[in-house]
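Chains as they are written, first to last, in the numbering used here: chain U, 1 to 394; chain W, 1 to 394.
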């Protein structure tokens, strides 16, 4: 299901201002072939509601000065919390999506689920207690795996052992006293790319969330696409090798079994045990099971050929899966995000080369593959934006 | 891009009537929690426009008789023409999508492109000259491969040699004197499944077009999804074997190289030449190159083990690609259509078994895989429905 509402003048004006950052009334009128008077009426209303503000004056050709409109960040804000398999990241953002405060915790594998819930709450509480936390009207939480946004439930996250049927919204609303929304982390990442990142203004695009797991966010017609049961975007569980390894999802040969942060760490551990990389052995001080994808990235950067091949292999698998998703969805842009981006050139070059090679020839040259510029906070900011969406929809 | 317009009362009422076939005013009011008076006003307008009609009376609980509303088929009609690699199918349908007339030609491989264009025009002309052809307000054409619906151009169809940059709309509008729309065949098939077939009322679903080529139609949020460059749905060109055979699209190892009607025919020809199926040899009277997927289906039904294994192998490949597409799109329903459905149980059982096995476990049991009941005319009827869409949108 996609949460699509009628495109009223208000919606369209707000979309344009959010996408461009700054626009004049004349540019709005031109963009939508809208009557200047109608634009003025709608803009005045948005100014008096406090959602837009006049951020400057510009000389127009006619010699008059025209007002430049922006989203009024100070009007409202939200807290976004991104719960991942290895981290909890929280941000306090204003209505324009700018980060006013930030906090993060590392989540150690195997932590009891109750402790993780407490950590999520603590992150949100800390940001609400931020000097500017009073701006926050809502909290948006995003989690990997399956969610039910309407019920506010995190159904299952394979990469967080024991995490199942957690009624996050109910729990957090009781503890925090503000409205809480819940959605998928990869979808939240796509939302922040749409409004703040590399997919501004794009109608049909995807973002790949390459981390401990692998997820995908999909925009169709300018809105996030959820699928019939809120489960869209499970590219990490597309099967790349029918006879491959067992996956945490219960399937076999999923992309995540060969190319996720988790898989790379597992392959590194095997390599260390097999004596195939002295450098990785040193970096992990002999504790093979403690190896992470980050260690592999560091070793690769230091010239370790085992690590480089391991990352290239993962990059090739992601590139193929990406090409196949693009053949189905025909996105204008693919935004690459997530912790694996830090793994460096061995991974990214192989990914790009493989995607280009396997993409349907008739689509080559039309698809842009770009790296996220939002860093680690993309999903958390997206979760906050989703929590504030109601303000923009009026 | 998805052609989504605001859901006005008119749109929603028409959607419900089209989906249910017959509804009362009370049912409309109940379905949308709409004020009875508002429903009556909108319905009266649709009745006076001639788009709806009163198709019967029903006793209500209150003892009064209530009017049953349907789409008024006789209000308008359209011709739909489906150009495939092996056929041209034309239908004349009324506003309700019912077939009033039908005609089809077989297209022999390698026919000059100009002759194919003439055949398409002749099919449309014949249906416009049908006793009820005056009902037709528009002609919808669907073709495989890449199209540009806004320009009315068929850009390229790999499975029709020489077919490239054909300005179908312009040519046909000049010849026929009615508005012509152009879209992709698999998308047209999805449209007919949505309004007339097995996906009535579904918001997010896909249809697989299994024929000489393999295509997919996608609905997101109740509307056909085109993608950023009108190229969505190319599941036939997702790569299933990176080291596989060269494909007509210029790529390598695409699903179409192992599981399309074209691939099955090619494998049958090899089998005949290699003496691996006496029955196929007999059916094709020794002319291996004349073998078709249909021959393989017939041989399989007669117990030929080579043909059965060939179809099972194709079915398994389609099932895997389908499971992967479902992981990404999370559709409620997959409708299987196209000529390969006639290949029988060897193909379909393998397809279903493979899709079920490879589908992400957390999605199993939620995805319905059904066979189309629209037969060979699905795409042609969908093309006609797409040509009439403007009438419903008012």
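Where a beta carbon is used, it is the ideal one built from N, C-alpha and C, also for glycine.
request  = Select from U:314, U:205 and U:177 the residue whose C-alpha is nearest the C-alpha of residue 349 of chain U.
outcome  = U:314
inquiry  = At a CB distance below 9 Å, what residues from the segment 181 to 193 of chain U approach chain W? Give them in sequence order.
reply    = none
message = So, at 6 Å on beta carbons, what are the nonlocal neighbours of residue 66 of chain W in its own chain, with the 5 sequence-adjacent residues on each side left out?
response = 24, 58 and 60
message = Which residue wins for smallest C-alpha separation from residue 235 of chain W, given the options W:267, W:193, W:187 and W:270?
response = W:187
key: Cβ-Cβ distance between residue 138 of chain W and residue 387 of chain W below 7 Å   = yes
ask   = Per DSSP, which one or two residues make a beta bridge with residue 80 of chain U?
value = U:91 and U:140
task = Under 8 Å between beta-carbons, which chain W residues line up against residue 156 of chain U? List them in chain order, please.
result = 362
key: Contacts around residue 157 of chain W, its chain only, beta-carbon distance under 7 Å, and the 5 residues preceding and following it disregarded   = 143, 144, 145 and 163
message = With three or more C-beta pairs closer than 8 Å as the rule, is the segment 326 to 343 of chain W touching the segment 184 to 200 of chain W?
response = yes
inquiry  = If you follow the alpha helix (DSSP H) that residue 168 of chain U is in, where does it begin and where does it stop?
reply    = 168 to 176
key: Neighbouring residues, chain W, relative to residue 232 of chain U (Cβ below 7 Å)   = 328, 329 and 330
task = Going by CA-CA distance only, name the one from W:78, W:149 and W:210 that's closest to residue 229 of chain W.
result = W:149
request  = May I ask you to list, following chain order, the residues of the segment 209 to 228 of chain U that have a beta carbon less than 8 Å from some beta carbon of chain W?
outcome  = 216, 218, 220, 221, 223, 225, 226, 227 and 228
request  = Identify every residue that forms a DSSP beta bridge with residue 130 of chain W.
outcome  = Residue 130 of chain W pairs with nothing; no bridge assigned.
ask   = Rounded to a whole number of angstroms, what is the C-alpha to C-alpha distance between residue 301 of chain W and residue 250 of chain W?
value = 34 Å
ask   = On the three-state DSSP scale, how would you describe residue 360 of chain U?
value = coil
ask   = Less than 7 Å separating the beta-carbons of residue 238 of chain W and residue 324 of chain U?
value = yes
Coil, strand or helix - residue 255 of chain U by DSSP = coil
query = Beta carbon of residue 101 of chain W, beta carbon of residue 92 of chain W: below 7 Å?
reply = yes
query = When burial is assigned at 16 or more other CB atoms within 10 Å of the CB, is residue 373 of chain U buried or exposed?
reply = exposed
message = Between the segment 162 to 180 of chain U and the segment 15 to 22 of chain W, can you find at least three pairs of beta-carbon atoms closer than 8 Å?
response = no
ask   = Under the three-state reduction of DSSP, which class applies to residue 216 of chain W: helix, strand or coil?
value = strand
query = When the cut-off is 7 Å and only beta carbons count, does residue 427 of chain W lie next to chain U?
reply = Residue 427 of chain W lies beyond the stretch modelled for chain W, which goes from 1 to 394, so this question has no answer here.
inquiry  = Measuring straight from C-alpha to C-alpha, what distance separates residue 241 of chain W and residue 10 of chain W?
reply    = 48 Å
ask   = Counting contacts by CB-CB distance shorter than 7 Å, is residue 246 of chain W in contact with chain U?
value = no
message = Check for me: the beta strand (DSSP E) holding residue 205 of chain U runs from which residue to which?
response = 205 to 210
Chain W contacts made by the segment 109 to 138 of chain U, where a contact means CB separation under 8 Å = none
key: Top-ranked residue by Cα proximity to residue 205 of chain U, from W:202, W:225, W:217 and W:197   = W:225
key: Best match in W:86, W:63, W:69 and W:64 for proximity to residue 39 of chain W [C-alpha to C-alpha]   = W:69
task = Kindly indicate if chain W contains any beta-carbon less than 7 Å away from that of residue 251 of chain U.
result = yes
inquiry  = Taking its Cβ as the centre, do 16 or more other Cβ atoms sit within 10 Å of residue 54 of chain U, making it buried, or is it exposed?
reply    = exposed
query = What three-state label does DSSP hand residue 148 of chain W in the structure shown?
reply = strand
ask   = By how many angstroms is the C-alpha of residue 326 of chain W removed from the C-alpha of residue 355 of chain W?
value = 9 Å
ask   = Looking only at C-alpha atoms, which of W:389, W:62 and W:184 sits nearest to residue 152 of chain W?
value = W:184
query = Do residue 379 of chain W and residue 82 of chain W have their C-beta atoms within less than 7 Å of each other?
reply = yes
Beta-carbon contacts of residue 116 of chain W that lie in its chain and below 8 Å, excluding the five residues immediately before and after = 83, 88, 107, 160 and 163
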